[in-house]
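Undergrad: Under this note's numbering, the first residue of the sequence shown carries the number 68, and numbering increases by one thereafter. Glycine is no exception: its CB is placed at the ideal position from the N, C-alpha and C atoms.
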Amino acid sequence: MNHLIRLVYASRSTQASQRGSVESSIGSILAQSRRNNQKDQIGGVLFFGDGYFFQCLEGEESQVLQTYARITRDSRHTGATILQNKPITKRLFNDWSMKYVPAAHEVQALLKREGYRRFVPLEFSLPMIEMLLDYFQRAQAGEALPTIAANEEPVRKGFWNRMTGWLRA
């Protein structure tokens, strides 16, 4: 019997970044992930911002854990930390590939609204991680992502404020 899981982790890039562009190292990570994930029937999403990788892997538990173990040995990043690891009955990211979501502006708007200054996923609350996954799933599906007006006040990090802020979007 297959046990599907969703594993979300974050890590810090060891490469110098060029603001606003997908670097060649990210391109090679995506190409390698797509080859391996197709074979292992793993889907997911990768986002890179402010020097941090944020990645979601979905699939059969043993395959996802083997993939994560391999990822932690990659010298292109350091400090890989699991932010979420849970059983699932349905995938958010249906195909067996790795999607890169170029939603930097929308993610920055979400961060601002939620009271975060930078994309530092190791500091994110579990509801914030869920919001990001929802954003990325919607972006993958080609849906428009909500943004906030430039003059809107950011929502503070309190649980109720986060939830009501998300509902306003």
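Just confirm the distance between the C-beta atoms of L189 and A77, as a whole number of angstroms; I'd bet it's less than 8 Å.
TA: Walking along the sequence shown from the start, residue 189 turns up at place 122. Walking along the sequence shown from the start, residue 77 turns up at place 10. Right, their Cβ atoms sit about 5 Å apart.
Undergrad: Excluding sequence positions up to five away, which residues of its chain have a Cβ less than 8 Å from the Cβ of V174?
TA: Residue 174 sits at position 107 when you count from the first residue of the sequence shown. F114, G116, F186, L199, Y202.
Undergrad: What's the gap between the Cα of Q122 and the Cα of G111?
TA: Position 55 of the sequence shown, counted from the first residue, corresponds to residue 122. Position 44 of the sequence shown, counted from the first residue, corresponds to residue 111. If you take the alpha carbons of Q122 and G111, they lie about 7 Å apart.
Undergrad: Less than 8 Å between the C-beta atoms of T139 and A147, yes or no?
TA: For the purposes of this step, residue 139 is identified with residue 72 of the sequence shown, where counting begins at 1. For the purposes of this step, residue 147 is identified with residue 80 of the sequence shown, where counting begins at 1. A147 sits close to T139, with the two beta carbons spaced by under 8 Å.
Undergrad: Nearest to D141 by alpha carbon, out of A206, A208, S80, E127?
TA: Residue numbering aside, residue 141 sits at position 74 when the sequence shown is read from its first letter. Comparing Cα-Cα distances from D141 to each of A206, A208, S80, E127, the minimum goes to S80.
Undergrad: By DSSP, does N161 sit in helix, in strand, or in coil?
TA: To locate residue 161, count along the sequence shown from 1; it is residue 94. In this structure, N161 counts as coil in the three-state DSSP scheme.
Undergrad: Since E127 contacts N69 with CB under 8 Å, what's their CB separation in whole angstroms?
TA: In the sequence shown, counting from the first residue as 1, residue 127 sits at position 60. In the sequence shown, counting from the first residue as 1, residue 69 sits at position 2. With 8 Å as the limit, E127 and N69 qualify as a contact, their Cβ atoms being about 5 Å apart.
Undergrad: If R143 and Q105 are in contact, beta carbons under 8 Å, what's the gap, nearest whole angstrom?
TA: What you label residue 143 is simply residue 76 of the sequence shown in a count that begins at 1. What you label residue 105 is simply residue 38 of the sequence shown in a count that begins at 1. So it is not a contact: roughly 21 Å between Cβ atoms.
Undergrad: Grab the span of the alpha helix (DSSP H) containing P194 for me, first residue to last.
TA: Reading the sequence shown from its first residue, position 127 is the one you call residue 194. Residues 193-207.
Undergrad: Flag this pair as yes or no: are the beta carbons of I155 and L71 separated by less than 8 Å?
TA: For the purposes of this step, residue 155 is taken as residue 88 along the sequence shown, with counting starting at 1. For the purposes of this step, residue 71 is taken as residue 4 along the sequence shown, with counting starting at 1. Yes, Cβ-Cβ distance for I155 and L71 is below 8 Å.
Undergrad: Going by Cα to Cα distance, which pick from I109, A98, R102, L177 is closest to V75?
TA: The count along the sequence shown starts at 1 and reaches residue 75 at position 8. V75 has its Cα closest to that of I109, out of I109, A98, R102, L177.
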